[in-house]
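For the sequence shown, the UniProt record's numbering gives the first residue as 1, with consecutive numbering after it. Using N, Cα and C, we set each Cβ at its ideal position, and we do this for glycine too.
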Amino acid sequence: MAEPQPQPQPQPQPPPPLPPWPHATAMPAAEAFEGTWRRSGGGLRQDQQAAVFSFLEAAYAMPHRHYHTMQHILEGLSFVGMCLLSGRSFEDQAAVEWAIWTHDLVYDARATDNERRSADAAAELLEGVGLPPATVARMRSLILETATHMHSGDRDAHVVVDADLAVLGAPLGRYMDYVTGVRREYGHLSDEEWAEGRCRFLRSLLDREQLFATDVGKGLCEAQARANLSHELQLLSCGLPVVAQLEGELPAVAEGEEGEEEAAAA
Numbered sequence: 001m002a003e004p005q006p007q008p009q010p011q012p013q014p015p016p017p018l019p020p021w022p023h024a025t026a027m028p029a030a031e032a033f034e035g036t037w038r039r040s041g042g043g044l045r046q047d048q049q050a051a052v053f054s055f056l057e058a059a060y061a062m063p064h065r066h067y068h069t070m071q072h073i074l075e076g077l078s079f080v081g082m083c084l085l086s087g088r089s090f091e092d093q094a095a096v097e098w099a100i101w102t103h104d105l106v107y108d109a110r111a112t113d114n115e116r117r118s119a120d121a122a123a124e125l126l127e128g129v130g131l132p133p134a135t136v137a138r139m140r141s142l143i144l145e146t147a148t149h150m151h152s153g154d155r156d157a158h159v160v161v162d163a164d165l166a167v168l169g170a171p172l173g174r175y176m177d178y179v180t181g182v183r184r185e186y187g188h189l190s191d192e193e194w195a196e197g198r199c200r201f202l203r204s205l206l207d208r209e210q211l212f213a214t215d216v217g218k219g220l221c222e223a224q225a226r227a228n229l230s231h232e233l234q235l236l237s238c239g240l241p242v243v244a245q246l247e248g249e250l251p252a253v254a255e256g257e258e259g260e261e262e263a264a265a266a
């Protein structure tokens with residue numbers, strides 16, 4: 001009698017391939033918001049869903065915003081989705097998504113405390129419609145992580161910070177759209193102030209051993225981000241107008257106004 005042959009063991013299947021940049025999906029903002037609301041549990045006041053979405057929509061459509069808009073939010077949510085596709089788990093997915101939705105709720109290019117003010121405003125807004133206190137507290141801590149874009153040991157914070165930085169690793173065209181938008185938001189700076197602060201910011205990023213902490217960020221964004229940052233730094237260092245189409249559009253800077261430090265956080 002022939003000996004039974006060992007049965008081949010099933011091989012683990014690789015995760016589905018990630019979509020290339022840009023990772024803003026075709027999902028409308030309202031549909032994305034519906035998903036976050038649904039994943040937040042049954043305690044939310046359903047009669048307030050439309051009002052909260054309208055509030056966020058209006059905040060991100062304010063006329064002083066050119067990069068920190070709803071597109072940035074949707075790209076961040078798409079990054080979260082790609083992390084899920086890659087097999088990453090979350091401690092609190094709802095808190096991660098709410099942090100993406102609200103981390104730029106307050107945006108003033110002249111201020112240095114936007115993240116704290118956004119966290120406070122988001123907590124007040126979402127506590128008022130019944131988001132569980134633990135989720136609100138978690139969301140608030142995740143928003144505050146975006147103030148420095150440094151990676152702590154918090155895995156959920158890694159996703160939020162990487163999502164906020166993901167545009168750095170976009171194709172060059174989208175990256176330059178981002179630069180154009182941020183330069184418009186910092187229109188109160190002279191070209192010299194902008195270049196000085198921006199160069200300092202770019203060098204601080206390039207000096208990091210690693211820009212991204214998640215597998216998606218490292219695999220999809222890291223190399224392209226370094227190429228984009230180096231390209232912009234070279235243009236600025238050569239005195240070339242990175243955002244040439246803005247020539248003549250920027251308002252004059254008030255005499256004696258301090259501004260270079262602000263551009264470093266753009």
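Looking at the structure shown, is residue i part of a helix, part of a strand, or coil, going by DSSP?
i: F90; result: coil
i: F212; result: coil
i: H188; result: coil
i: A170; result: coil
i: M150; result: coil
i: G217; result: helix
i: D162; result: helix
i: C238; result: coil
i: D177; result: helix
i: D207; result: coil
i: A95; result: helix
Taking all protein chains shown into account, do 16 or more other C-beta atoms lie within 10 angstroms of the C-beta of residue i, making it buried, or fewer, making it exposed?
i: L206; result: exposed
i: E258; result: Bear in mind that a pLDDT of 43 at E258, under 50, signals an unreliable position, so the model cannot answer this.
i: S118; result: buried
i: S78; result: buried
i: H72; result: buried
i: E185; result: buried
i: D113; result: exposed
i: S40; result: buried
i: T146; result: buried
i: P171; result: exposed
i: residue 291; result: Residue 291 lies beyond the residue range present for the chain, which begins at 1 and ends at 266; the question has no answer from this structure.
i: G173; result: exposed
i: E91; result: exposed
i: G181; result: buried
i: T148; result: exposed
i: G197; result: buried
i: A223; result: exposed
i: R138; result: buried
i: E115; result: buried
i: G153; result: exposed
i: R208; result: exposed
i: A111; result: exposed
i: D47; result: exposed
i: E192; result: exposed
Would you mind giving the Cβ-Cβ distance between residue i and residue j, rounded to the nearest angstrom? I have them listed as a contact below 8 Å.
i: A95; j: T135; result: 5 Å
i: residue 268; j: D162; result: This structure does not reach residue 268, given that the chain is present from 1 up to 266, and the question cannot be answered.
i: D164; j: G76; result: 6 Å
i: L142; j: V129; result: Not really, about 19 Å apart at Cβ, beyond 8 Å.
i: L74; j: A32; result: 6 Å
i: A29; j: E57; result: 7 Å
i: G169; j: L220; result: 6 Å
i: Y107; j: R140; result: Not really, about 17 Å apart at Cβ, beyond 8 Å.
Minimum length 4: unbroken alpha helix (DSSP H) runs contained in the stretch 24–93: 29–38, 49–60 and 70–85
At which residue ranges does the stretch 103–132 contain complete alpha helix (DSSP H) runs of 4 or more residues, listed in the order of the chain? 114–127
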